[in-house]
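Engineer: Take this structure, written in structure tokens, and hold onto it; I'll ask about it next.
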Amino acid sequence: MPSVFFNLRFAPCTVIVPRLVFMAPGRVVAIAYNGIWMEPMKLYSQVGGTITMKTPIDQGDQIYALCVV
Amino acid sequence: MSGPNITLTALLQDIAGHPLGSAANPCKLCIALCGYGPYLPKIAGTSMLARVGPIYLESTNGSFSTPLWGNDVITPSGTYYTVALLDGQGNVVQCAAYTLTGSGTQDLSGILPTIPPYGFPIGNLVYRPCTGSGRNWTAPGKAIVVTYNGINMPQGASFPINSYTLDSSGTQITLNFVPDTTDRIDAFCVL
């Protein structure tokens, strides 16, 4: 049985500006910071697939996005 | 927007390269718009799409050409077309879904079929804060998963596992615990 969500992906975001700006590989549904869903739109801002943190994250922390591709 | 921005063309042949269809037995292309869910499909600012198919086009020489609105200009997002090819005897020999975007003439032989999502337009899935306090919260849409401070909760578990239940509408959340006033209750939900 294939996945119901053929075009829904949970994927790592690309670093644009280290620790601050990231690019998701599609339309963002939610952002996970080290596996924890981030409070919608309060800890980050989002324009298209570009995600800008309100405060820089620590080096090595992971930003993943649940997104539609 | 004055009219459909895409012209879809197709040529139906048999495996020997002979065109299908004849005056007595025309071949057919059946096109239908799909994936708009509970919404009325429309071209924003232009028209409501009140006839979405199935539209049968006939050809006596295998050639088809028809204007179509691109799926990228149709509201809601996530629509697609199903296209069925029928031979001169009316047999459906192929059927696939296509997402048409951009403009100009696009031939069916040059477009990759898409696999449509099930259930609801995927663009309507969002992650949003819920409103409420104590044990009773309201999601902005039909909740799929409810999170507590960003952590997914299981549904219907017993305390001491933090959990929740949903009413029949899927929007009213009852927690099995009382969160602190600064805690967050968010939900993945379908608007």
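Chain order of the listed sequences is C and H. Residue numbers for the first sequence follow our numbering, beginning at 220 and rising by one. Residue numbers for the second sequence follow our numbering, beginning at 960 and rising by one. All C-beta atoms, glycine included, are put in the ideal place defined by N, C-alpha and C.
(1) Return the CA-CA distance between Gly1047 (chain H) and Pro985 (chain H), expressed in angstroms with no decimal places.
(2) Where Cys1148 (chain H) and Thr966 (chain H) are concerned, what is the direct C-alpha to C-alpha distance, given to the nearest angstrom?
(3) Taking its Cβ as the centre, do 16 or more other Cβ atoms sit within 10 Å of Gly962 (chain H), making it buried, or is it exposed?
(4) Kindly say whether Met272 (chain C), judged by its beta-carbon, lies nearer than 9 Å to any beta-carbon of chain H.
(5) Would you say Ile1120 (chain H) faces chain C, with C-beta separation under 9 Å as the test?
(6) If I measure Cβ to Cβ from Ala1116 (chain H) and keep anything under 7 Å in the same chain, skipping five residues before and after, which residues do I get?
(7) From H:Ala1146, H:Asn1020, H:His977, H:Ser981, pick the residue whose C-alpha is nearest to that of Cys1089 (chain H); which is it?
(8) Report the rounded CA-to-CA distance for Pro1224 (chain H) versus Ser1036 (chain H), giving the unit in angstroms.
(9) Quick check: Ala991 (chain H) and Thr1034 (chain H), are their CB atoms within less than 9 Å of each other?
(10) Which ranges does the beta strand (DSSP E) cover as unbroken runs of at least 3 residues, wholly within the region 1116-1147 of chain H, from first to last along the chain?
(11) How many angstroms separate the CA atom of Gly994 (chain H) from the CA atom of Thr1073 (chain H)?
(12) Does DSSP classify Asp1046 (chain H) as helix, strand or coil?
(13) Opposite Ile1110 (chain H) in the DSSP bridges: which residues?
(14) Using DSSP bridges, identify the partner residues of Met242 (chain C).
(15) Could you check what DSSP says for Asn1095 (chain H) in three-state terms: helix, strand or coil?
(16) Using a beta-carbon distance below 9 Å, is Val1085 (chain H) in contact with chain C?
(17) Out of C:Gln281, C:Lys273, C:Ala230, point me to the one whose CA is closest to Pro244 (chain C)'s CA.
(18) Determine which residues share a DSSP beta bridge with Cys986 (chain H) and list them.
(19) Tell me which same chain residues have a C-beta within less than 6 Å of the C-beta of Leu1067 (chain H), skipping the five on either side of it?
(20) Do Asn1020 (chain H) and Thr1060 (chain H) have their beta-carbon atoms positioned less than 9 Å apart in this structure?
(21) When the Cα of Thr271 (chain C) is compared with those of C:Arg228, C:Ile250, C:Leu227, which residue comes out closest?
(22) Can you pull the chain C residues whose beta carbon is under 7 Å from the beta carbon of Arg1143 (chain H), in chain order?
(23) In chain H, which residues lie less than 8 Å from Val248 (chain C) when you measure between Cβ atoms?
Structural biologist: From the atom records:
(1) One C-alpha to the other measures close to 5 Å.
(2) Approximately 36 Å between the Cα atoms of the pair.
(3) Counting Cβ neighbours within 10 Å, Gly962 (chain H) comes out exposed, since fewer than 16 surround it.
(4) Not closer than 9 Å to any Cβ of chain H, the Cβ of Met272 (chain C) fails to qualify, so no.
(5) Residue contact with chain C for Ile1120 (chain H): absent (no Cβ-Cβ distance below 9 Å to any residue of chain C).
(6) Hits under 7 Å: Ser1122.
(7) Out of H:Ala1146, H:Asn1020, H:His977, H:Ser981, H:Ala1146 has the C-alpha closest to the C-alpha of Cys1089 (chain H).
(8) Absent from the model: residue 1224 (chain H). The displayed extent of chain H is 960 to 1150, so no value can be given.
(9) In this structure, Thr1034 (chain H) does not lie closer than 9 Å to Ala991 (chain H) by Cβ.
(10) Restricted to the region 1116-1147 of chain H, the beta strand (DSSP E) segments that are unbroken, complete and at least 3 residues in length are 1123-1125, 1131-1134, listed in chain order.
(11) Distance between the alpha carbons of Gly994 (chain H) and Thr1073 (chain H) is about 12 Å.
(12) Residue state, collapsed to three classes: coil.
(13) According to DSSP, which records beta bridges pairwise, Ile1110 (chain H) is partnered with H:Tyr1107.
(14) Answer is C:Thr233, C:Thr269, bridged to Met242 (chain C).
(15) In the structure shown, the three-state DSSP call for Asn1095 (chain H) is strand.
(16) Yes, because at least one Cβ of chain C sits closer than 9 Å to the Cβ of Val1085 (chain H).
(17) Looking at the Cα atoms, C:Ala230 is the closest of the given residues.
(18) BP columns for Cys986 (chain H) point to H:Ser1018.
(19) A distance below 6 Å between beta-carbons, with the five flanking residues on each side excluded, links Leu1067 (chain H) to the following residues of its chain, in chain order: Ala969.
(20) No; because the gap between Cβ atoms is not below 9 Å, this pair is not in contact.
(21) For the residues C:Arg228, C:Ile250, C:Leu227, the minimum Cα distance to Thr271 (chain C) belongs to C:Ile250.
(22) Per Cβ cutoff of 7 Å: Glu258.
(23) Neighbours of Val248 (chain C) on chain H, chain order: Leu1084, Val1085, Tyr1086, Phe1147.
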